Amino acid sequence: MNQTEYKAYLKEKKPLIIIAGPTAVGKTKASIGLAKKAGGEIISADSMQVYKGMDIGSAKVTKEEMDGVTHHLVDILSPFDEFHVAKFQELAKAAIEEIYEHGHIPILVGGTGFYIQALLYDVDFTEEVDHSYRDELAALAADKGPEFLHDMLQKVDPKSADIIHANNVKRVIRALEYYHLHQRPLSEHNAEEWEKESPYTFWYFVFTMDRAKLYDRIEQRVDIMLQDGLEEEVKALKELGVKRDMVSMQGIGYKEMLSYLDGELSYDQMVADIKENTRHFAKRQLTWFRREKEVIWVDKDNYASEEAVIVDLIAQIKKKTPGLLP
1091 MNQTEYKAYL KEKKPLIIIA GPTAVGKTKA SIGLAKKAGG EIISADSMQV YKGMDIGSAK
1151 VTKEEMDGVT HHLVDILSPF DEFHVAKFQE LAKAAIEEIY EHGHIPILVG GTGFYIQALL
1211 YDVDFTEEVD HSYRDELAAL AADKGPEFLH DMLQKVDPKS ADIIHANNVK RVIRALEYYH
1271 LHQRPLSEHN AEEWEKESPY TFWYFVFTMD RAKLYDRIEQ RVDIMLQDGL EEEVKALKEL
1331 GVKRDMVSMQ GIGYKEMLSY LDGELSYDQM VADIKENTRH FAKRQLTWFR REKEVIWVDK
1391 DNYASEEAVI VDLIAQIKKK TPGLLP
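To convert, note that position 214 of the sequence shown is 1304 in the working numbering; the numbers rise steadily by one, no gaps.
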């Protein structure tokens, strides 16, 4: 088929390749290799790589690593901007349409399962707002601490409390606000949304590997971040006026480094906290992906090379939709 016919085919089939998995499992290299072979463009499903000036702590893909592959939703927002799931969904949908117009296939890559799910099933985030109640909850968090709000959420919506970290105060407040407005848990509403059929023909690959090996990779990654200048990166952000309560500063690595720079942690404790929090995060990511439907698990320990992983991904894509890939 010619380019015009192929673009029409893409818009009809709406193909979407997803490469997900825990932090440090090795998604970046495989996704770029796949994009080069499959004629794809990459959309980042990462809540931190979207921010400018936050390269080291987010393990942001470099220009060299991109190897000519177009990346979307990387380096587009100021650290002063808020970034949330509804904004991600809006930007990612626009990127997908742009990629189809190019005659290419979108490849969604990242470890933020909530973002992936929101896009994949077109979850409706239209919401009512009660500003006075939000302000009341924010004041409670400031006075009694984030754990107090999280305990409130645990009582009315334990499922949401299980997946929202206490320090993510904005999401905790949103879940409590939803319950306040509707007298039903936000998790119940989300479950109904996620039962919808996806508008995409999709392949949802989730990378995994031996837990001990993954944790070792995490330790090495943190050491490299520190060697590469994470402290200097966070100092520069502080000098710009970035505050600890901003969404951009909730990422692991940034919040611990800020605590160290503010004299609340020793250097060794800061490093230990980053490593421990990253391990816990990876565990939560895997728990999330295990709950997802129609995922294809890719155990990287079963492959002799990165190239072998890519060959297998392409074979599975061709099997489901013959004619899509060259």
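Glycine included, C-beta positions come from ideal geometry on N, C-alpha and C. Treat the numbers as computed from the prediction; the structure is a model and nothing was measured.
- Scanning its chain for C-beta atoms nearer than 7 Å, with the 5 sequence neighbours on each side dropped, one finds around residue 1360 the residues 1346, 1347, 1349, 1350, in chain order.
- Counting C-beta pairs closer than 8 Å gives fewer than three between the segment 1247–1265 and the segment 1295–1315, which falls short of the contact rule.
- Secondary structure note for residue 1275: it is in no beta strand (DSSP E), with a DSSP letter that is neither H nor E.
- Leaving aside the five residues that flank residue 1203 on each side, the residues in its chain whose CB is nearer than 8 Å to its CB run, in chain order, 1110, 1375, 1378, 1379, 1382.
- DSSP, read as helix, strand or coil, puts residue 1134 in strand.
- In this structure, the beta-carbon distance from residue 1210 to residue 1292 falls below 9 Å.
- At a Cβ-Cβ threshold of 9 Å, residue 1143 and residue 1169 count as neighbours.
- The three-state secondary structure of residue 1213, taken from DSSP, is coil.
- In this structure, DSSP gives residue 1200 an extended state, which the three-state scheme calls strand.
- Here residue 1357 is exposed. Its C-beta has fewer than 16 other C-beta atoms within 10 Å.
- Burial check for residue 1264: the Cβ neighbour count within 10 Å reaches 16 or more, so the residue is buried.
- Excluding residues up to 5 positions away in sequence, 1129, 1130, 1131 lie with their Cβ nearer than 7 Å to the Cβ of residue 1194 in the same chain.
- Residue range 1385–1389 is occupied by the beta strand (DSSP E) that includes residue 1385.
- Here DSSP, grouped into helix, strand and coil, assigns residue 1393 to coil.
- If you look at residue 1296, you'll find it in the beta strand (DSSP E) that goes 1291–1298.
- In the structure shown, residue 1108 adopts extended strand secondary structure according to DSSP, grouped into three states.
- Taken through DSSP and simplified to helix, strand or coil, residue 1195 comes out as strand.
- For the 9 Å CB-CB criterion, residue 1321 and residue 1365 do not form a contact.
- DSSP places residue 1174 outside both helix and strand once states are collapsed to three, so it counts as coil.
- A residue is called buried when at least 16 other Cβ atoms come within 10 angstroms of its Cβ; residue 1221 does not meet this threshold and is exposed.
- Under the 10 Å beta carbon count, residue 1343 is surrounded by 16 or more other beta carbons and is classified as buried.
- Counting only residues of its own chain and dropping the five nearest sequence neighbours on each side, residue 1121 has a CB closer than 7 Å to the CB of 1109, 1132, 1197, 1199.
- One thing to note: residue 1214 has its Cβ within 9 Å of the Cβ of residue 1283.
- Excluding its 5 nearest sequence neighbours in each direction, residue 1246 has C-beta neighbours in its own chain below 8 Å: 1266, 1269, 1275, listed in chain order.
- Closest option to residue 1228, judged by alpha-carbon separation, among 1206, 1240, 1139: 1240.
- For the alpha helix (DSSP H) assignment, the uninterrupted runs of no fewer than 4 residues enclosed by the segment 1315–1389 are, from N- to C-terminal side, 1320–1330, 1344–1351, 1357–1381.
- Scanning its chain for C-beta atoms nearer than 6 Å, with the 5 sequence neighbours on each side dropped, one finds around residue 1100 the residues 1190, in chain order.
- Residue 1192 and residue 1165 have their alpha carbons spaced roughly 21 Å apart.
- Contact annotation: residue 1113 and residue 1261 have beta-carbon atoms that are not nearer than 9 Å.
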